[in-house]
Structures are given as C-alpha cells and as structure tokens.
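Protein chains in written order, with the numbering used here: chain A, 19 to 323; chain B, 80 to 378; chain C, 1178 to 1510.
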Amino acid sequence: MLRFIIKRLFLAVAVAFTVSMISFSLLFMAGDPAIALAGESATEADIEAYRVQYGFDRPIFEQYVSWLGNFLTGDFGKSYYFGTPVFDLVMSKLPVTMTLGFCAITFAILISIPMGAIAATRPNSLIDRVALFIAVVGQAMPSFWFALLMIVAFAVKLGWLPVSGSSSWYHFIMPTIALGYYATPAIMRLTRAGMMEVLGTDYIRTARAKGMSPTKILFKHALRNAVIPVVGLAAVQLGFMLSGSVIIESIFALNGAGFLAFESISRNDFPVVQALIMIFSLIYVLLTLLSDVLNAWLDPRIRTA
Amino acid sequence: MLKPVVNLAEADATPSPAAQMRRRAMRNMSLLFGGGVVLIVALCAIFAGFLAPQDPYQQDLTARLISPIWMDGGSWDHILGTDQLGRDYLSRLLFGARISLFIGVVTALISGIIGTTLGVTAGYFGGRVDAVVMFLITVRLSMPVILVALAAVALFGGSLQVVVLVLGFLLWDRFAVVIRASTKQIRSQDYIISAQALGCSQTRIIMTEIMPNLLNNLIVVLTLEMAAAIIIEAGLSFLGLGVQPPLPSWGLMIAEGKDMMLFLPWIITIPGVALFVLVFSINLVGDGVRDVTAPENRN
Amino acid sequence: MQSLMSVENLSVEIPVGAGLLKPVRGVSFSIEKGETLCIVGESGCGKSLTSLALMRILPKVARLSADKMEFSGTDLKPLSERKMSALRGNKISMIFQDPMTSLNPSFTIGNQLMEGIIRHQGVSRKEARDRAVFLLEKVGITAAASRLAQFPHQLSGGLRQRVMIAMTLMCSPDLIIADEPTTALDVTIQAKILGLLKELQAEFGMALIFITHDLGVVARIADKIAVMYAGAFVETGSAEQIFNAPMHPYTKGLLSCIPVPGKTERGSRLGSIPGVVPSLINGVSGCGFRSRCPVATEECAIEPDLENVEADHQLRCVHSAEYLKKMTWETAE
C-alpha cells in the first residue's frame, strides 16, 4: 500500500510540473506581454521599461524557473489590476469556491447513490426508469441555463431564495444545485451498474442464505463493494466542478475564485489567471491522488497486500 | 433446366451479424427518436436560409421584444417574437443551429482525430509509449477546461474558429481513454496475432484490423463529445468569451436575454430549450448506438 | 413420527424467451433428524435449483410451487419473507459450491461469522466471537482467534470452505443443505472436508442434504439417495438399495461409469451414457431419459410416476422391477 502511495505521489508531482509549464507559457501565447501591459498608446521606450521591470527580457527558461520558485514559496506575483499580491487575492476567494464545490458534490452524492442503489434492486421498474430519465435529462441541460431558470422560478416568481451574493447559506442553495446536478447522472449510473453487478454475486447469495435482512444486504454487504469505484468518480467530479464554478459563480455573483478567474480573464490580469489555473490544477491533482488512495484503502485486497 | 443442388437461400437462413445489427437499429427507440431530431435540426441548419422568415441580423428598433405567438401581443410576423434589438427570434434560432452543429461536429472531429491517434498508439504499442500517453491524458485532465478555454479565447480573440480550435485541442481525453482501452482489448485477440504472424506491417494491421472494430465505441464517444462541445461553447458565449455578437449563437442569445429574463422569461427559455433538445437527442443517438452494437453493455 | 423436512411435488418454473422452463418437476422427499440425503445427478439436472427452492432464495424470475413444503412442523409455503429469513442461517443453513466467491471480500471473516448469530439469536458480540472461535477450531482451522481479523482473500480455497462450514454451524441449525461443497476443491482436501462434515454431523446431530454429481462422495456419506434426472427424481432409496440393487437404467448407467477397485476388470472400458439431457423448456414429453435409454419403448412416451418398488425404494420407469433387475447396459446394447 505504501509503495502504491509513493508511486502515485511521484506521478502527481510530475503532472503538477507539467501543468505549471503550460500555465506559465500561457502568458506568452498571445504575443509580447509587455505590449499588453503597456497599453495601446505606449511608446517603444515605455514597452521596454515594462519589459525590464517585469523581467520579460530574461531568457524564457530563466523566467519560468524564477516564476516556479516564487510560486512554491507562495509568491504568486502581483495582480496587474489590483496591484496587490495575487496570493492574498486568491486565498481570500478560495474558501467560497471550495465550500460551493464541497456542497455541490455532497448534494450530488446524497441524491445519486441511494437512487442508483435502489434502481439497481428493481431493474426496469418505475423507479429505475425515473432515475435513468433524470440522468439523461441532467446530462443534456446546460448548467448556466438551469441556473437562470432556477433564479426565475425560485428567486423571482416564488421569492424563496436570494438572487445573488454570498452572505448567507441561503445564497448557496441554488448554486449548489446548479453546480452539483451535472455530476448526478455519472455517479448514479456508476452506482447502479456497480450495484447490479454486486447483487448478482455469490457472496450476496450467501448473505441471503444466512437470513440477513434486505436492508442489511443492500446497504452493508452490497453497497460497501459497489461504492468503491464511485469514490474515485466523485473526487474527479469535484475537480471538474472547480472548472464549472467559473460560470456558476458569475451568474450568482458569488465572490469566489471562479468569479475572480472570469473577471481576471476579462481584464487580462495574467498573474491572477496563471495562479488560478495552477491552483485549480493542483487541487484536482491532489483530489485524484486522495481518491486513488481512498480507493485502494477501501478494497481490503489492496489494503492488506 | 438444372435444379440447384443446394438451395442457398435456405442454407443461409440465419441473418448475418451485420444484418441483425441493422434490424436492432431499426427498432431502437433512442436511435430513431434521437437520430430523427438531430436530422431535423441539421436540416433546419442547412436550409436556414430558406426556412427563416427574416434576416437574423436585421434590427428593427420599432419592433423590439415582441412576444412569441402563444402569448399576448404575439403576431404571425414573428412566430417566436423578437429580441431586444428587434431581430426575429425564429430566424436567429434557425441560424443558431448552424453554429451549434458546426461547433459540435468540427470540434468532435478535431478532438476525435487527436484522441484516437493517441489512443490507438498507446493501446497498440503499449509499454513506454502507453505510459507517455497516459501521462499526457492525466495532465490534460488536471487542467480546468473551462478556465483554460476562457483564457485561450481571451488571448486569441473570440470567434467561431478560435472556439472550435481551442475546444478541439482540449476535449480529446475521453477519446484517448476509450480508444486506448478498446485497442488493447482488440489487440489481444487471436486474429491480430495471426496478422502479425503473417508478417503484416504495423500500419496495415492498425488500419485494416483494429480501426474497423473501434468504430462502435468511437461513434458513441463522438456523440458524447459533440454534446459536450455544444454545451461548453454555449457557456463560453454566455460569458461573452466565445462566439461574438451579432452571431446568433444560442448561448449568446441567452446572455443577451439575461437582463430581461425576469420579466420576459421566454427570451431565455426558447434558446435554452433548443440547446437542451439538440444535446438530448445527440445523447440519445449515442445511447442507441451503444445499445445496438453492444447490448451486453446496456445499463 | 413427523419428519424434519417433508416436501411434496416441488416444482420451479422460469419464464424464458422461448416459453416456460421447468428445471424442477414434481420433486418429493422427506428427511429425518440426523439423516443424510444425497441428491445425485449430472450438471443441469436441477439439483441446485431444488436446494435454492427449499430455502426460498430462488432468483426473482423463478416461480415456486409445491403441494407441501414443511419444516419442523411449519408450513414453509405461506411464510412471509421476514419469517422465512428468520429461519435461514438459523434453523436451515446452506453451504455453496465455490468458496472463492461465496464470502464478501470487504468484510473480515469474524464479521461475517458473527453477524448471523447476532441477528438471529441476539447474543452479545463477545458470545458471538467465542462461538466463532470455537467453531473455527472445530473445523480444523488453527490460530482461530487471529483468523477472525483476516479477510477472505488471505485464505486458501480449502480454508475458506471450512470457514463456510463454520458459518453454517454458528446458529446450530437442524438442517444443512450443502450444494456441491467439495466440487471446487482438490481431491485430497475433498476427502478431508467430507470427513469433517461427517464428524460434525455425528457431534451436532443435524440433518444433511448433500447435493453432488460425484457417486464416490455419495458412497461415503449417504443414508438416503435420490437420483435426479431432467428435473425429476427417477429413483430414490437407501444407500444400500441404490448401490447394491439399482433399478433405473440411468442409475445403473451412472454406477457403471465408476471404476471399483477389485470389481472392475483391467482393460475394460468405462461406461458412459451417450446423448444429452433434453431441453426442459415447456416441460418434457414422456420419460426424460428415453432418448438415451437403451431399453426405451413406445410406452416411454408417457412419463411414469414415482412408485414404490420395495419399502422406501421408489422408481420412475414403465418397465417392471424384474426386467430392470436383469438389465445391464452391456447386454442391452
């Protein structure tokens, strides 16, 4: 088990490095960043001044190394727009996004796993078809449209929930649903498929022959085995939600890292964008690492090897 | 006149697997319904010029925000109403279908080519090549797609071509994963080993033996990625960093209607429903193909 | 005196695409306390489904019907699922064929041993634990206490099957149904497990329904034998009757397939029964064995009933007992 963790750790680090290189090179992809910074009416001298000030005159590799070094020590540079350290900016917004993501995946799991498990016990029944229908519909709904519809329905017509802002937990309800429902079909299908497979095994037959109650068979014996791959999927989906938070936060004006990303992109605030891409990627890498480890730990065959 | 010794028609009474598959395809609800709708949308897109009652770019500030036909104040001049610049909504919707389908098809093709090439290479050659491709896939998966797409579009300017290229170069991961798995599975089959024993070149084996068998899975993933591309483009355009106005991208139409959605919900509902119906149908086609070609994988 | 378990005309039907499959057709038997009944037959004759039917854990699509199905005086047929599950693992236990897949890979041996007795008899965890250790030692597993914390994948097939046996004994059942428990094991381990079952039966006094296709196994442990073919019993009787005076052509055929040291001549060919089992979809027309039987006649087109030939020796065949006594497979060909 330890060897497994170490191997995965190495892989995670390698991936993180590669992502950092891509993220760094983003700055240079649209031409000379000094020109972008200096603005439209700048003279050659102005551009050159910017170039020297921001170190763009150094060799690219040297810039990368220094950028990476800074990044690892927590220096993400300064925002072009605010002038304040990017690190502070990002860290102040990240908790909102992480909360949103966590709530969204919890919401998705709380709905999908029981639905998938019960659908598996009654294949082709009404509840099975309803579950599959929800899955199919969920996959086809654009999240931003769903969010807007919810706003019209719940905030305006019914007046139950606030439209935007992030001051109370009420404000998180609609964003959570808008972000979380997209993961529901995948998790539900995987749970259902896994449960159907598990319910046909010999050891479930043994549990029945021992006279265990149906609830116990379903939720202890079967689910424990079927849920193993779902854990991995949930972690990956959480990572995707960070990406999707850009849209959702913008719609609901939630003051999180996703909203910051969108605004920074619109303002060409490159250091912030770079840092956010790095952070989101690192979080994703960490999540997949954790999920692999959790996956391996949940299966006693791997855990005790 | 000679009588046939063997009645070939009787001897070959059981239909071939291909014929059986075609029969299943004819009866599969998902395939028929989904395929039908996609076909209708495609026809609307292709013949938008004939079908659209008006020019989608034609503004008429005297005829702004007219309701659709089923509400008060609607008229047959503008069956689906007009937007805030007086442009006919139905026409915009029809021309918007072109954009969505174009994005879906071209993006899926680009990412399909990239992903399939990587997948086949990894699956066929295995070993270090496989490890490298898996690493690339992992790196790609670690990148937040929407964020990177937004940044790329901001850098290179928003336009249909940029969006297609950016998404095409980002959405190949599922292709690579699925094709790699399928290639590995096919590769271990006996007929591949026979071909190798006969001395066929690698390229020949890949092209003639492996590729045809990948087709089924490939089609399913194509539909999935088409749907994904359409939704993501709509999202990008909604945020203003995708297709630029005045193009009638459905996502853009939703964005433009956002300010009025509280009073005139139909203005965002109509393009949203169009998006939903198109993506839903594409998914149905994918499900149908999966059911028909591999019924044992059915959920 | 009332039998421990008594079954009359048990049938199982499964709707399939081509019609109605009837893998079990009118099975009847009874078993007394402490007795061993062996149900013998080739693969696909319906013996496993019969055992699942007795426990009422058939797959959902299968339909069970019986004139009588009684256990310890309780009619099993109308019993609710709750009451039936209270019997399972408690008064009637079952051992399955493949020990490699019959245990849950995600829970410890101890957990799986103890959960049954805790549910059925409400004992404390400590009491359950003690009983588990006691039984593990009884089935010949060393270091029993430490085994409780192990997972199934850490034990060999033979050990896992011993654990399964211990598991069936946890609640001191009156009846154990064993569905080919030794088929998946090595021959040497087979012998050990059989010996173990016999010892445990002598010590704890439970009845045993043992399902197998292996006549060698039957010879070792059976008190009563039921020979099953194509979903129905074709001959039943005591072990002596079946082995010394087999009547039904199928039984005779089975016995002639086994070489017996001392009796079978060197160089002589082992018997084999040509042909295949008929399809059981929509029932069987006439005697199920007639397509392979060397003495089949037109009368075999109507399936005969199971009838007494001697005391407790039943037979399903149109031919008379005297004719069958003299019939052998070699002379009939």
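All C-beta atoms in this analysis are idealised placements derived from N, C-alpha and C, irrespective of residue type, glycine included.
Think of a sphere of 7 Å around the beta carbon of C/T1278: the chain A residues whose beta carbon falls inside it are T219, D220, Y221, in chain order.
The three-state reading of DSSP puts B/R177 in helix, counting H, G and I together.
Straight through space, the alpha carbons of C/V1184 and C/G1465 are spaced by roughly 22 Å. The closest CA to that of A/V290, considering only A/F42, A/M116, A/H189, A/F35, is found on A/F42. Interface with chain A (8 Å Cβ-Cβ cutoff): C/G1293 is included. Residue state for B/P344 is assigned as coil, using DSSP reduced to three classes. For the stretch 136-157 of chain A, residues whose beta-carbon sits nearer than 8 Å to a beta-carbon of chain B comprise L150, V154, V155, Q157. Bounds of the beta strand (DSSP E) holding C/G1196 are 1196-1208. One alpha carbon belongs to B/A353, the other to B/L169, and they sit about 11 Å apart. Interface flag for A/T224 against chain C is set, since a Cβ pair is found closer than 8 Å. Proximity of A/A227 to chain C, defined by a Cβ-Cβ separation below 8 Å, is satisfied.
Shown in chain order are the members of the stretch 227-241 of chain A whose Cβ falls below 7 Å from a Cβ of chain C: A227, K228, G229, M230, S231, H239.
Counting only residues of its own chain and dropping the five nearest sequence neighbours on each side, C/D1244 has a CB closer than 6 Å to the CB of E1185, N1186. Taking the beta carbon of A/R319 as reference, the chain C residues within 8 Å of it are P1282, F1328, H1330, listed in sequence order.
In the DSSP assignment, A/M206 falls within the unbroken alpha helix (DSSP H) covering 202-217. Between A/L305 and A/A253, the alpha-carbon positions lie close to 6 Å from each other. Taking 8 Å as the cut-off, the beta carbon of B/R266 is found no closer than this to the beta carbon of B/G319. For A/T124, no chain C residue has a Cβ inside 9 Å of its Cβ, as the nearest lies near 23 Å away. Setting aside the 5 residues that flank it on each side, C/R1306 is surrounded in the same chain by G1287, M1291, L1325, each with a C-beta closer than 8 Å to its C-beta; the list follows chain order. B/Q323 places its beta carbon 8 Å or farther from that of B/G183. Any Cβ of chain C closer than 8 Å to the Cβ of A/N313 would place that residue at the interface, and such an atom is absent. For C/G1414, the enclosing beta strand (DSSP E) has its first and last residue at 1409-1415.
With respect to the 8 Å criterion, C/L1501 and C/M1405 are not classified as neighbours on the basis of their beta carbons. A straight line joining the alpha-carbon of B/D134 with that of A/F288 spans about 40 Å. B/L110 sits close to B/V368, with the two beta carbons spaced by under 8 Å.
For C/C1494, the closest C-alpha among the options C/T1505, C/C1470, C/W1506, C/N1267 is that of C/C1470. At a cut-off of 8 Å between beta-carbon atoms, B/M340 makes contact with chain A. Judged by beta-carbon spacing, C/V1454 lies within the 8 Å limit of C/A1407, meaning their Cβ atoms are closer than that value. At a cut-off of 8 Å between beta-carbon atoms, B/N362 makes contact with chain A.
For C/C1215, the beta-bridge partners assigned by DSSP are C/F1387, C/I1402. Residue-level contact check: A/L44 touches chain B, since one or more beta carbons of chain B fall below 8 Å from its beta carbon.
Fewer than three pairs of CB atoms, one per stretch, sit closer than 8 Å, so the stretch 224-237 of chain A makes no contact with the stretch 1302-1319 of chain C. When beta bridges are read from the DSSP output, C/S1188 appears opposite C/S1242.
Fully enclosed beta strand (DSSP E) runs of no fewer than 3 residues occupy 1352-1356 of the stretch 1317-1359 of chain C, in order along the chain.
Approximately 29 Å separates the beta-carbon atoms of B/I225 and A/G212; this is outside 8 Å, ruling out the contact. Residue environment analysis places C/L1253 among the buried positions, since at least 16 neighbouring C-beta atoms fall within 10 angstroms of its C-beta.
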